[in-house]
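Residue numbers (the numbering used here), protein chains in the order written: chain H, 880 to 975; chain L, 241 to 297; chain Z, 11 to 265. Glycine included, C-beta positions come from ideal geometry on N, C-alpha and C.
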Amino acid sequence: MSRLPARIDAEPETVGRDLGRLVLTIVELLRQLMERQAIRRVEAGDLPEETVERLGLGLMRLEEAMDELREYFGLRPEDLNIDLGPLGNLLPPPER
Amino acid sequence: MTLVGTDDDLALVDLLDRLLAGGVVVTGDVTISLAGVDLVQISLRALISSVATLVDK
Amino acid sequence: MADSLVYLYAVGDAAFGDAVPPGLIGVGEAPVRMIVEGRLAAVVSTVDPLHFSEDALQRNLEDLTWLAATARAHHAVVDAIWQHRPVAPLRLATVYLDDDNVRAVLRANEAAFAGALDRIRGAREWGVKAIVHPQPDADLDPTLADATLGPGAAYLQHKRKARDRAARVQQDVQDAAADLHRTLSAAAAASHLYPPQDPQLSGHREHMVLNAAYLVEESAAGAFTDVVKAWQSPHVDVELTGPWVPYSFATLEES
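In structure tokens, the structure reads:
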């Protein structure tokens, strides 16, 4: 098998943005995992209404914050992804 | 680093499927270089494995 | 280290002789020749250990520039030879110590090589890939949200519906890919599945859900490609490549 390492070739002018992309991808992964878990807990039906509402508000605000960060770095949603080869993409296919 | 561009390039990825056992993958290790100097290597696999197991609970 | 090594591209039937198309250049810019042993003829080049020793190969196979050039040269040789006679192609970078080594391998594996040739003689390979058809952004009608929910709960409900829909689409896509493979396998002599291609290498934005090779007799090529073109699905887009020399069906057991 040929294994070609992924590269981030940063230049002084773009390094903030390039590293920002890496960091935001990881944060986006965590955000999606949190959301997925929250939905599971809500579906399981063992959370009081007020908790569900606070959970949802928190995640909604997290999504808004991520959108702002993404735009700050000039990144589109599809830029936040890293292919891990045999592990597949870091993030699942975008939901529409 | 896509191999797309000309018709020739399109065929290369198909050719590599057939010529290499296991094909070609881009590894999950990321090399960060600055001004042409390789500085940091990150293995994302360890991170992902640990995060993924959290989800499966 | 040895002064030279022998690179093996493919193995054919000795009955066709040992002539190589004149001026054919192979990997490492080396000329191409044949080694005849018994019923078999090996297509080879003498190569430099500097680039083709085991250590050198390990490095070179991870260098996309070298890999691309070598893969193309290898393919050019196999393709050129195939125009004149069927050959069972080998994968990239099968290298032996010397001609005697190659002869020994031919002798030891005569039945396997002959079997591979029988399987692919008079046939070609067609590549079929299925890629997820881009789904339009579905606007979830906000009025469908439960009006009794607060904004946080409504957000979660919206997300849950989106995930459910994505899961349904995923199932439709998988079913379509399975149906395509079944249909084409029935129209071919043999099939081989490859892993989906890395999007960074293939350039496709959407996920690949089928990457397959089908072995088809030359005489049936038209009928097969008709089947491919006639197959339709709203869930996946189909790409056809070929005809190829039957790389995927010449698996040789080598000692």
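Beta bridge counterpart(s) of residue i as assigned by DSSP
i              : result
Q210 (chain Z) : Partner(s): none; Q210 (chain Z) has no beta bridge.
P99 (chain Z)  : Z:A20
R134 (chain Z) : Z:V226
T158 (chain Z) : Answer is none; T158 (chain Z) lacks a bridge partner.
V105 (chain Z) : Z:Y17
N221 (chain Z) : Z:K139
The alpha helix (DSSP H) enclosing residue i, as first and last residue numbers
i              : result
D185 (chain Z) : 161-196
V237 (chain Z) : 231-240
T75 (chain Z)  : 74-92
L898 (chain H) : 894-923
R933 (chain H) : 928-951
Residue i: first and last residue of the uninterrupted beta strand (DSSP E) it sits in
i              : result
G252 (chain Z) : 246-254
A200 (chain Z) : 200-203
For residue j and residue i, believed in contact at Cβ under 8 Å, the rounded distance
i              : j              : result
L60 (chain Z)  : A103 (chain Z) : 14 Å between Cβ atoms; not a contact.
A140 (chain Z) : V226 (chain Z) : With 8 Å as the limit, A140 (chain Z) and V226 (chain Z) do not qualify as a contact, their Cβ atoms being about 18 Å apart.
T56 (chain Z)  : V16 (chain Z)  : 6 Å
S201 (chain Z) : Y165 (chain Z) : Not really, about 46 Å apart at Cβ, beyond 8 Å.
R258 (chain L) : S212 (chain Z) : Not really, about 14 Å apart at Cβ, beyond 8 Å.
L50 (chain Z)  : E120 (chain Z) : 6 Å
H217 (chain Z) : V142 (chain Z) : 5 Å
E47 (chain Z)  : R95 (chain Z)  : Contact doesn't hold; Cβ gap of about 16 Å is too wide.
L252 (chain L) : R101 (chain Z) : That belief does not hold up - the Cβ atoms of L252 (chain L) and R101 (chain Z) are roughly 15 Å apart, past 8 Å.
P209 (chain Z) : N221 (chain Z) : Rounded, the Cβ-Cβ distance is 12 Å, inconsistent with contact.
E907 (chain H) : L941 (chain H) : Their Cβ separation, rounded to whole angstroms, is 10 Å, which puts E907 (chain H) and L941 (chain H) out of contact at 8 Å.
V237 (chain Z) : A187 (chain Z) : Contact flag wrong, Cβ pair sits at about 16 Å.
D79 (chain Z)  : L256 (chain L) : Note that residue 79 (chain Z) corresponds to Ala in the displayed sequence, not to Asp. That pair is no contact at about 12 Å.
Minimum length 3: unbroken beta strand (DSSP E) runs contained in the segment 12-66 of chain Z: 15-23, 43-47, 50-57
Touching or not, the segment 895-903 of chain H and the segment 159-174 of chain Z, by the rule of three or more beta carbon pairs under 8 Å? no
Are the segment 174-181 of chain Z and the segment 943-957 of chain H touching, with three or more C-beta to C-beta distances below 8 Å? no
Would the segment 80-93 of chain Z count as touching the segment 105-120 of chain Z if we require 3 or more Cβ pairs under 8 Å? no
Is it the case that the segment 120-131 of chain Z contacts the segment 232-251 of chain Z, given that we only count it when at least three CB pairs across the two stretches are under 8 Å? no
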